[in-house]
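Trainee:
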Amino acid sequence: MFDLQKIIRENVKKLTPYSSARDEYQGTEGIFLDANENPFDTGLNRYPDPYQSALKEKISGIKNLPAAKIFLGNGSDEIIDLLIRAFCEPLLDSILIVPPTYGMYSVAASINNVPVKQCLLDENFGLQAQKMLKTAKENTKLIFLCSPNNPTGGQVENSQLEILLQGTQAIVVVDEAYIDFSEKPGALALLEKYPNLLVMQTFSKAWGLAALRVGMGFAAPEIVAVLNKIKPPYNVNTMSQRVVMQAIEKQEQYSAWVKAITEQRKVVEQVLTTLPIVEKVYPSDANFLLVKVKDAKEVYQKLAQDKIVVRDRSNVPLCKNCLRISIGTMEQNLKLLEKLKNMK
Ligand SMILES: *Cc1c(COP(=O)(O)O)cnc(C)c1O
Numbered sequence: 001m002f003d004l005q006k007i008i009r010e011n012v013k014k015l016t017p018y019s020s021a022r023d024e025y026q027g028t029e030g031i032f033l034d035a036n037e038n039p040f041d042t043g044l045n046r047y048p049d050p051y052q053s054a055l056k057e058k059i060s061g062i063k064n065l066p067a068a069k070i071f072l073g074n075g076s077d078e079i080i081d082l083l084i085r086a087f088c089e090p091l092l093d094s095i096l097i098v099p100p101t102y103g104m105y106s107v108a109a110s111i112n113n114v115p116v117k118q119c120l121l122d123e124n125f126g127l128q129a130q131k132m133l134k135t136a137k138e139n140t141k142l143i144f145l146c147s148p149n150n151p152t153g154g155q156v157e158n159s160q161l162e163i164l165l166q167g168t169q170a171i172v173v174v175d176e177a178y179i180d181f182s183e184k185p186g187a188l189a190l191l192e193k194y195p196n197l198l199v200m201q202t203f204s205k206a207w208g209l210a211a212l213r214v215g216m217g218f219a220a221p222e223i224v225a226v227l228n229k230i231k232p233p234y235n236v237n238t239m240s241q242r243v244v245m246q247a248i249e250k251q252e253q254y255s256a257w258v259k260a261i262t263e264q265r266k267v268v269e270q271v272l273t274t275l276p277i278v279e280k281v282y283p284s285d286a287n288f289l290l291v292k293v294k295d296a297k298e299v300y301q302k303l304a305q306d307k308i309v310v311r312d313r314s315n316v317p318l319c320k321n322c323l324r325i326s327i328g329t330m331e332q333n334l335k336l337l338e339k340l341k342n343m344k
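Taking this note's numbering, I'd label the letters of the sequence shown as residues 1 to 344.
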């Protein structure tokens with residue numbers, strides 16, 4: 001059985017968290033002389049709501065989850081860092097990652113002096129769940145999965161996830177930054193059943209709000225409480241909270257973008273497969289395509305000459321000669337495809 005208390009760092013367990021003025025008095029009306037703020041109303045003179053209650057209510061509505069299961073970070077990147085700091089004792093504990101994958105998991109671990117174990121995807125970019133469970137040791141506190149995966153684009157089957165969730169005492173973090181573009185069910189449905197699951201999503205991709213830095217973590221309230229205990233008190237600023245709430249109120253815009261981008265993904269994928277320089281287009285559940293070409297460096301440079309910028313992933317394990325290409329607007333995609341058509 002998963003025991004959260006066993007994996008929280010001792011110093012975090014003992015910690016008396018910082019108590020802000022907004023923690024000590026939670027009413028919204030009154031004469032506020034408790035936080036040394038400027039009393040003249042600018043719309044921004046007050047500190048933000050530390051637990052983002054109004055925004056969480058809105059997110060609760062669209063995700064169909066209670067607010068107590070929601071944590072918000074200054075981007076998902078902050079959530080990754082907080083998880084490592086809450087659960088991994090530097091030098092003693094480890095995380096497990098599944099390359100090729102998002103770079104921030106190992107960077108955040110290294111900044112915290114936490115060792116990183118690796119278990120590669122197989123050559124079809126499939127998860128090797130049993131092998132992962134063998135690689136994870138008792139001191140492995142977090143397993144990071146990205147689904148749909150950056151840079152390969154594929155989504156992990158929930159049945160595979162369940163093998164991991166059942167087989168480990170670690171928290172399994174499923175980073176769903178790209179789930180909005182997928183037609184398959186994500187991992188949120190598994191939250192009820194698994195106390196060691198944390199799902200991350202973000203407003204940075206499909207919602208078009210990367211500049212605001214708002215990431216979501218969904219997990220059992222006990223895990224959310226640990227993150228709340230160690231987070232910077234005002235980690236999501238007031239402007240970001242407001243603008244995300246407005247975006248949720250205009251959800252049709254989000255839905256229209258997701259539709260446009262997934263339709264374009266299919267078009268771009270189809271055309272790419274017909275081009276002489278393209279060796280393989282990997283199936284994608286995200287807003288990008290991983291494309292194997294004959295010479296990735298050359299294609300990258302030729303595109304760059306025309307100011308079309310893609311990501312060369314050649315140096316990443318299993319991704320030799322692969323470019324990661326984000327899906328743009330129809331006009332942008334046409335320009336990209338036009339250039340690629342003329343390459344030999
Ligand atoms: C883009 C991306 C994110 C988003 O991070 P934010 O900090 O929320 O902007 C998270 N995970 C992966 C795998 C990504 O590619």
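Just so you know, even glycine gets a beta-carbon here, dropped at the ideal spot from N, CA and C.
1. Hey, would you say residue 358 sits closer than 8 Å to residue 50, going by beta carbons?
2. Okay, do the region 73-87 and the region 275-294 touch, 3+ Cβ pairs below 8 Å being the bar?
3. By alpha-carbon positions, which one of 194, 235, 220 and 178 ends up nearest to residue 208?
4. Measure the CB-CB distance between residue 218 and residue 191 and report whether it falls below 8 Å.
5. Which partner residues of residue 343 appear in the DSSP bridge assignment?
6. By Cβ distance below 6 Å, which residues in the same chain neighbour residue 146 in space, the five residues on each side in sequence not counted?
7. Quick one: is residue 92 buried, meaning 16 or more other Cβ sit within 10 Å of its Cβ, or exposed?
8. Taking 8 Å as the CB-CB limit, is residue 196 close to chain B?
9. State the CB to CB distance for the pair residue 380 and residue 170, rounded to an integer number of angstroms; the pair is presumed to be in contact (CB under 8 Å).
10. Excluding sequence positions up to five away, which residues of its chain have a Cβ less than 8 Å from the Cβ of residue 289?
11. Nearest-angstrom Cα distance between residue 206 and residue 144?
12. Taking DSSP as the reference, what is the three-state secondary structure of residue 10?
13. Does the distance between the C-beta of residue 235 and the nearest non-hydrogen atom of ligand 1 fall short of 7 Å?
14. So, helix, strand or coil for residue 165, using DSSP?
15. Closest to residue 215 by C-alpha separation, out of 317, 237, 302 and 109, would be which residue?
16. Pick helix, strand or coil for residue 189, following the three-state DSSP scheme.
17. Counting C-beta neighbours from all protein chains within 10 Å, is the total for residue 26 16 or more, i.e. buried, or is it exposed?
18. Judging by CA-CA distance, which residue of 251, 201 and 335 is the nearest neighbour of residue 73?
Mentor: According to the data block:
1. There is simply no residue 358 to check, as the chain begins at 1 and stops at 344 in what is shown.
2. no
3. 178
4. yes
5. The partner list for residue 343 (beta bridge, DSSP) is empty, contrary to what the question assumes.
6. 101, 102 and 175
7. exposed
8. This model lacks chain B altogether, as it is built from one protein chain only.
9. For the chain, the structure presents residues 1 to 344; residue 380 sits outside this window and is missing.
10. 153, 265, 268, 269, 272, 281, 282, 324, 325 and 327
11. 21 Å
12. helix
13. no
14. helix
15. 237
16. helix
17. exposed
18. 201
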